[in-house]
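Colleague:
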Amino acid sequence: MYTTLFDFGRLSSRIFGGLAVTAGIQSSIMSSSDKAKVNLLDFDRASMAAWFEARGEKPFRAQQVLKWIHQQGVDEFTAMTNLGKALRAELESVAEIRALAVAADRKSTDGSRKWLFELADGNRIESVYIPEEGRATLCISSQVGCALNCSFCSTARQGYNRNLSTAEIIGQLWMASRLLRADGSAPVSNVVFMGMGEPLLNFDNVIRATRLMQDDFAYALSKRRVTLSTAGVVPGLRQLADASDISLALSLHAPDDALRSELVPLNRKYALREVLQACRDYVGEGRRRVTMEYVMLKDVNDSDAQARALARLLRHVPAKINLIPFNPFPETRYRRSSAERINRFRDILHNAGIVTITRRTRGDDIDAACGQLAGDFRDRTRRRERLGVATTES
Ligand code: SF4
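Per our numbering, the very first residue in the sequence shown carries number -2; after that it's consecutive.
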């Protein structure tokens, strides 16, 4: 998914192409001899309780262990002092809490912070921390790369590599929480799936991770504080309605099918009418609204007529709009709309009665907007073949 606050890929290319990488990689990854152990970060409460039960233990052990792992940030069983010695020893021999490795950690002068995490197979993903008045948001990834090939998104240039496991998804929050606690920063209060990847195409692992985010024995975040952003995978949206109540954002970016199909090729499969109906069904009749993300592209989707068309399109959808100033990356054909144009576009939507905010760019000094991967990504994916599949199949 796409947001504009930081440029995931650009950071990868600049930092990780050289200097800071090797020094930054932490050694909290498992050793090769530990590979057969179960990583407890992969479990939500239900699956951990079942795992304990299968081992002849009481299911409530899951609550105790989850609290140690996710609330205390513990990664050693010896620290879990309300477990008996024998159980701790047994856990030591069969399980582990395997964190992501920090390959780089960059802090912006505006307080935002960006991590590059290295996975056990050498792939790298990024997470961004954005503190604001009264809240601190963590933007996380759900896949390595992305198959959906949105034309304005630098993540798309990497192609799709693989889905992240539950441990790798929740591991971003776990590691961020630990690192923030260590230096006294505000804890994460909100999580958004707006980093690399389409979360609804990694459904099971994403849902398990969101259960942990919402679990009182783990992060205890309310449904309003966990937001999944999708390009509009309609079957996934339907499935989501049955599985979860988290907040929803749609990468909209255009007021009509012709332009949206150009910007978000998935639109050729799931057109606006169908996607918006699925969004409407997801939020139901209550007071909840879908956040519509709209990246402002100069002379592409930013005219007065398009603002009016957008207002008409959303007339019957409970929605608010986030206007996102585009953050250009090398080789892109798009440019950012001017501040005046963005203001004018916003005013038209406001006057039509739609709550519209312009997202502030953050972290410019640590490489701008996320989801705009550029540069020296490591494409291990035979990208063209995969994109051929992605645009027709996903
Ligand atoms: S290609 Fe599209 S769906 Fe994938 S990360 Fe970029 S904006 Fe999101």
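Even for Gly, the Cβ is constructed at its ideal location relative to N, Cα and C. These figures come from a predicted structure and were not determined experimentally.
Just to confirm the assignment, what range does the beta strand (DSSP E) spanning L247 have?
Modeller: Along the sequence shown, read from residue 1 onward, the residue named residue 247 stands at position 250. L247 -> beta strand (DSSP E) spans S244 to S248.
Colleague: Span of the beta strand (DSSP E) holding K104?
Modeller: The residue given as residue 104 occupies position 107 in the sequence shown. K104 -> beta strand (DSSP E) spans A98 to K104.
Colleague: Work out the CA separation of C276 and M395 for me, nearest whole Å.
Modeller: This structure cannot speak to residue 395, because the chain is shown only from -2 to 391.
Colleague: Name the one or two DSSP bridge partners that N319 has.
Modeller: Looking up residue 319 in the sequence shown gives position 322. In the DSSP output, where bridge partners are listed per residue, N319 has E290 and I354.
Colleague: Any heavy atom of the ligand SF4 closer than 7 Å to the CB of A255?
Modeller: Residue mapping note: residue 255 aligns to position 258 of the sequence shown, counting from 1. A255 Cβ: outside cutoff for every heavy atom of the ligand SF4.
Colleague: Determine the closest residue to L249 out of D242, S258 and S241, with distance taken between C-alpha atoms.
Modeller: Stepping through the sequence shown from its first residue, residue 249 is reached at position 252. The residue from D242, S258 and S241 with its alpha-carbon nearest to that of L249 is S258.
Colleague: Would you kindly check if the distance between the Cβ of L307 and the Cβ of L346 is under 8 Å?
Modeller: Along the sequence shown, read from residue 1 onward, the residue named residue 346 stands at position 349. Along the sequence shown, read from residue 1 onward, the residue named residue 307 stands at position 310. The answer is yes: Cβ separation under 8 Å.
Colleague: Can you have a look at A144 and say buried or exposed, based on whether 16 or more other CB atoms are within 10 angstroms of its CB?
Modeller: Locating residue 144 in the sequence shown gives position 147, where the first residue counts as 1. By the 10 Å Cβ count, A144 comes out buried.
Colleague: N120 to A96, Cα distance in whole Å?
Modeller: Start at 1 with the first residue of the sequence shown, and residue 120 comes out as number 123. Start at 1 with the first residue of the sequence shown, and residue 96 comes out as number 99. Between N120 and A96, the C-alpha separation is close to 14 Å.
Colleague: Rounded to the nearest angstrom, how far is the Cβ of V230 from that of L198, given a contact under 8 Å?
Modeller: The sequence position of residue 230 within the sequence shown is 233, counting from 1. The sequence position of residue 198 within the sequence shown is 201, counting from 1. Between L198 and V230 the Cβ distance is about 6 Å, and since that is below 8 Å, they are a contact.
Colleague: So what does P128 bridge to, in DSSP terms?
Modeller: Stepping through the sequence shown from its first residue, residue 128 is reached at position 131. P128 pairs with A133.
Colleague: Could you tell me the alpha carbon to alpha carbon distance between I243 and M191, rounded to whole angstroms?
Modeller: Looking up residue 243 in the sequence shown gives position 246. Looking up residue 191 in the sequence shown gives position 194. Answer to the nearest angstrom: the Cα atoms are 14 Å apart.
Colleague: Return the chain-ordered list of same chain residues with a C-beta closer than 8 Å to the C-beta of V272, the five sequence neighbours on each side being excluded.
Modeller: One-based indexing of the sequence shown puts residue 272 at position 275. Around V272: G229, V231, L234, L247 and N264.
Colleague: Can we count V261 as close to the ligand SF4, meaning its CB is less than 7 Å from some heavy atom?
Modeller: The residue labelled residue 261 in the question sits at position 264 within the sequence shown. Indeed, a heavy atom of the ligand SF4 lies less than 7 Å from the Cβ.
Colleague: Cβ of R154 within 8 Å of Cβ of V141?
Modeller: To locate residue 154, count along the sequence shown from 1; it is residue 157. To locate residue 141, count along the sequence shown from 1; it is residue 144. No, these two residues do not count as a Cβ contact at 8 Å.
Colleague: According to DSSP, K111 sits in a beta bridge with which residue or residues?
Modeller: Stepping through the sequence shown from its first residue, residue 111 is reached at position 114. Beta-bridge pairing links K111 to R103 and V125.
Colleague: Is it buried or exposed for V91, if we count other Cβ within 10 angstroms and need 16 for buried?
Modeller: Residue 91 sits at position 94 when you count from the first residue of the sequence shown. Label assigned to V91: exposed.
Colleague: Closer than 7 Å: is that where the CB of S124 sits relative to any heavy atom of the ligand SF4?
Modeller: What you label residue 124 is simply residue 127 of the sequence shown in a count that begins at 1. No, the Cβ of S124 stays beyond 7 Å of every heavy atom of the ligand SF4.
Colleague: Within the present structure, is the beta-carbon of E195 separated from the nearest heavy atom of the ligand SF4 by less than 7 Å?
Modeller: For this step, residue 195 is matched to residue 198 along the sequence shown. Correct: E195 has its Cβ closer than 7 Å to the ligand SF4.
Colleague: I need the straight-line Cα distance from T254 to F74, nearest angstrom please.
Modeller: Here the question's residue 254 lines up with position 257 in the sequence shown. Here the question's residue 74 lines up with position 77 in the sequence shown. It should be noted that the sequence gives Asp, not Thr, for residue 254. For D254 and F74, the distance between alpha carbons rounds to 54 Å.
Colleague: For I339, which residues from the same chain have a beta carbon less than 8 Å from its beta carbon, with the 5 sequence-adjacent residues on both sides left out?
Modeller: Within the sequence shown, residue 339 is the residue found at index 342, counting from 1. Leaving aside the five residues that flank I339 on each side, the residues in its chain whose CB is nearer than 8 Å to its CB run, in chain order, M293, D299, L320, P322 and T355.
Colleague: Between L161 and S138, is the Cβ-Cβ spacing less than 8 Å?
Modeller: Position 164 of the sequence shown, counted from the start, is the residue given in the question as residue 161. Position 141 of the sequence shown, counted from the start, is the residue given in the question as residue 138. Their beta carbons are under 8 Å apart, which means L161 touches S138 by this criterion.
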